[in-house]
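Residue numbers (my numbering): 3 to 338.
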């Protein structure tokens, strides 16, 4: 792959040449949709001719387009798919790293599960994956759609498949049910399943369905509400607490102290979405304050800029954040 580069004032023109023609249909996308996506987001022109691509436009943008295309090509060489989400991820990573060509998906930033290989879709996701590999306890914080729970479950599956842990324990607080859990229809599992459904969905995305069922039945994968964790020691396990903003400080301390030998923990939550009764302190906020600076703990903060769902989601999150800030400012003004 060659990258001759010429500059005319603020304008740049780059030519890329790719060796493996068989990968180009996936790289360019159906009817060159991937190239058009790059053009729209960067304001450049991307013109394919055979196994060559000409990129022209503002100098900084052409460099980012080059880095993204080279990284997507390397992704295909490694046997990974390229889709619209991958293009967006490559562009975000290229913008974060500057116009350095290639290598946006670094060693150690890929998670392997039975059904797919998962790479970061932004610089903060890359930081998060590295933290999940390197630390015994990781807090993933931020709004919905940033991948914090999905990537934690993927890492748990990766470590289970590699034999690094013997089981996965997934938990959430069933705050919405409160003390009324017993009044819901069905047996205990049917009562709590609605609160645990996002964890099931992530598992089925990474393992064949029959494996999920078999491993749950054998106890290799356990999905349970937070109350079931009391009094236990979780060893040789990857333990995930989702929606942790809805724990109380007592519950959070109880959960964190379940960590046993050869165990890893990931705690995910969004402190802007606390559903606890008014005036109740979030156990997640309390833990972050109490454990700040402790060795072996990593904290990764996502923002609305890291949302990887539909592009509209990040704009919705940002709009709500702006609204919440205005409300907070008004309350401060009204205070005596």
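For every residue, glycine included, the Cβ atom is placed at its ideal position computed from N, Cα and C.
Give me the Cα-Cα distance between residue 89 and residue 39, rounded to the nearest whole angstrom.
Those two C-alpha atoms are separated by around 8 angstroms.
From what residue to what residue does the beta strand (DSSP E) around residue 300 run?
Residue 300 -> beta strand (DSSP E) spans 299-303.
I'd like to check one pair, residue 304 with residue 84: are the Cβ atoms closer than 9 angstroms?
No, they are not a contact pair.
Spell out the partners DSSP gives residue 209 in its beta bridges.
In DSSP, residue 209 forms no bridge with anything.
Could you tell me if residue 174 is buried or exposed, where buried requires 16 or more neighbouring beta carbons within 10 angstroms of its beta carbon?
Residue 174 comes out buried.
For residue 251, does the three-state DSSP call read helix, strand or coil?
Three-state result, residue 251: helix.
Just to check my reading of the structure: residue 241 and residue 171 have Cβ atoms closer than 8 angstroms, yes? What is that Cβ distance to the nearest angstrom?
Sure, about 5 angstroms apart at Cβ, within 8 angstroms.
How about residue 27: is its Cβ closer than 8 angstroms to a heavy atom in the ligand PLP?
Of ligands this structure carries none, so the ligand PLP is not represented either.
So residue 31 and residue 25 are supposed to be a Cβ contact under 8 angstroms. How far apart are they, rounded?
Incorrect: roughly 12 angstroms between the Cβ atoms, too far for contact.
CA-CA distance, residue 75 and residue 86?
So the alpha carbons of these two residues sit roughly 14 angstroms apart.
Given this structure, state the Cα-to-Cα distance separating residue 268 from residue 143, to the nearest angstrom.
One C-alpha to the other measures close to 11 angstroms.
Ignore the nearest five residues each way along the sequence and tell me which others in residue 282's own chain have a CB closer than 7 angstroms to its CB.
Only 250 meet the Cβ criterion.
Give me the Cβ distance between residue 155 and residue 201, rounded to the nearest whole Å; I'm assuming they're in contact under 8 angstroms.
Rounded, the Cβ-Cβ distance is 7 angstroms, consistent with contact.
Leaving out five residues on either side along the sequence, give the residues of the same chain with a beta carbon under 7 angstroms from the beta carbon of residue 293.
So the qualifying residues of the chain are 299.
Using a threshold of 9 angstroms, state whether the C-beta atoms of residue 254 and residue 204 are closer than that.
Not in contact: residue 254 and residue 204 (Cβ atoms no closer than 9 angstroms).
For a quick check, are the C-beta atoms of residue 260 and residue 236 less than 9 angstroms apart?
Going by C-beta atoms, residue 260 is nearer than 9 angstroms to residue 236.
Per DSSP, what are the beta-bridge partners of residue 60 in this structure?
13, per the DSSP bridge assignment.
DSSP three-state call for residue 278: helix, strand or coil?
Looking at residue 278 - three-state DSSP - the assignment turns out to be coil, as it is neither helix nor strand.
Hey, how far is the Cα of residue 141 from the Cα of residue 163?
Cα to Cα, residue 141 sits roughly 23 angstroms from residue 163.
Can you tell which of 132, 124, 19 has its C-alpha closest to the C-alpha of residue 68?
It is 19 whose Cα lies nearest to the Cα of residue 68.
For residue 123, does the three-state DSSP call read helix, strand or coil?
Note: residue 123 maps to coil in three-state DSSP.
Name, in chain order, the residues that DSSP records as bridge partners for residue 225.
172, per the DSSP bridge assignment.
First and last residue of the alpha helix (DSSP H) that includes residue 153?
150-164 is the extent of the alpha helix (DSSP H) around residue 153.
Just tell me which of 215, 120, 72, 139 has its CA closest to the CA of residue 296.
Answer by Cα proximity: 139.
For a quick check, are the C-beta atoms of residue 302 and residue 136 less than 9 angstroms apart?
For residue 302 and residue 136, no; Cβs fall outside 9 angstroms.
Take residue 103 and list the residues in its own chain whose beta-carbon comes closer than 7 angstroms to its own, dropping the five residues that flank it on each side.
Any reading at residue 103 needs caution, since the residue's pLDDT is 49, under 50, leaving its predicted position unreliable; the model's value is listed next. Cβ within range, chain order: 5, 68, 69, 72.
Quick one, are the C-beta atoms of residue 114 and residue 92 less than 9 angstroms apart?
Contact flag unset, no.
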